[in-house]
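Okay, so here's the structure we're looking at.
Residue numbers (the numbering used here): 389 to 454.
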């Protein structure tokens, strides 16, 4: 798997998993970040991976390559 697309921190055995995604610090009023923090506190979630969104979605602004 391409390390540029995501970073896997652990590979737990999952039963009926759910995926919750939020853009940290790139959302209006940090609402997505606050919801993720709330769910983590209430459900005891574990971060198992990080998707690098710049490879999937434009996040506003400009990217320059030499």
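All C-beta atoms, glycine included, are put in the ideal place defined by N, C-alpha and C.
Sort the options by Cα distance to residue i and report the nearest one.
{"i": "residue 409", "options": "403, 452, 432 and 424", "result": "424"}
{"i": "residue 401", "options": "453, 434 and 439", "result": "434"}
{"i": "residue 406", "options": "454, 428, 452 and 444", "result": "428"}
{"i": "residue 398", "options": "454, 436, 430 and 426", "result": "436"}
With DSSP collapsed to three states, give me the class of residue i.
{"i": "residue 439", "result": "strand"}
{"i": "residue 407", "result": "coil"}
{"i": "residue 402", "result": "coil"}
{"i": "residue 426", "result": "helix"}
{"i": "residue 396", "result": "strand"}
{"i": "residue 420", "result": "helix"}
Please list, in chain order, all residues of the same chain as residue i whose beta carbon is under 8 Å from its beta carbon, the five residues on each side excluded.
{"i": "residue 439", "result": "393, 394 and 409"}
Would the beta-carbon of residue i be found less than 7 Å away from any heavy atom of the ligand NAP?
{"i": "residue 404", "result": "No copy of the ligand NAP occurs in the structure displayed, which carries no ligand at all."}
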